[in-house]
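Novice: In full-length UniProt numbering, the protein residues as written are 1 to 144. Using N, Cα and C, we set each Cβ at its ideal position, and we do this for glycine too. As the structure is a computational prediction, the values presented were derived from the model and not from experiment. Have a look at the structure that comes next, please.
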Ligand SMILES: [Zn+2]
């Protein structure tokens, strides 16, 4: 995967990047020690944050992206335009896990995904790249 490095060019992007980075501070990751933060913006401009939350029995562990989306959905928002995801990786870009890719797909085929490094630089991608040929809610409506 090729990553093009960007910096926030506008205040909206800067805010989303900053909130994703700040969300790392609430990460509960005593087992992996791999902090992740996320911030998702709704199409009407509201932002919801999330962090990864681990469990001593491992399976209940949930990623930052799904916490952010769940926070938004629980507050009544299901239309999203951009999610920023951050970690402590200085050189690499944090990519969402397969489970989160499918969870994002539930709500948006067109979601813009910003993979943010601690210095605020990021690489931009989307689900056509990360989850090609995806199965979505409309797939259930296909003739059977
Ligand atoms: Zn995940």
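1) Just list the alpha helix (DSSP H) runs in the segment 24-101, keeping only unbroken ones of 4 residues or longer that don't cross its boundaries, in chain order.
2) Measure the alpha-carbon distance for residue 125 versus residue 54 and round it to whole angstroms.
3) Would you call the segment 51-68 and the segment 93-103 touching, i.e. three or more CB-CB distances under 8 Å?
4) What's the C-alpha gap between residue 88 and residue 142?
5) If we ignore side chains and look at the alpha-carbon of each, how far apart do residue 7 and residue 120 end up?
6) Starting from residue 124, follow its DSSP beta bridges and name the residues at the other end.
Specialist: Short version:
1) 64-74
2) Mapped onto the chain shown, residue 125 falls at position 125. Mapped onto the chain shown, residue 54 falls at position 54. Going from the Cα of residue 125 to the Cα of residue 54 covers about 26 Å.
3) yes
4) Counting from one through the chain shown, the residue named residue 88 turns up at place 88. Counting from one through the chain shown, the residue named residue 142 turns up at place 142. Using only the alpha carbons, I get a separation of about 42 Å.
5) For the purposes of this step, residue 7 is taken as residue 7 along the chain shown, with counting starting at 1. For the purposes of this step, residue 120 is taken as residue 120 along the chain shown, with counting starting at 1. Taking the straight line joining both Cα atoms gives about 7 Å.
6) Counting from 1 along the chain shown, the entry for residue 124 is found at position 124. Answer is 114.
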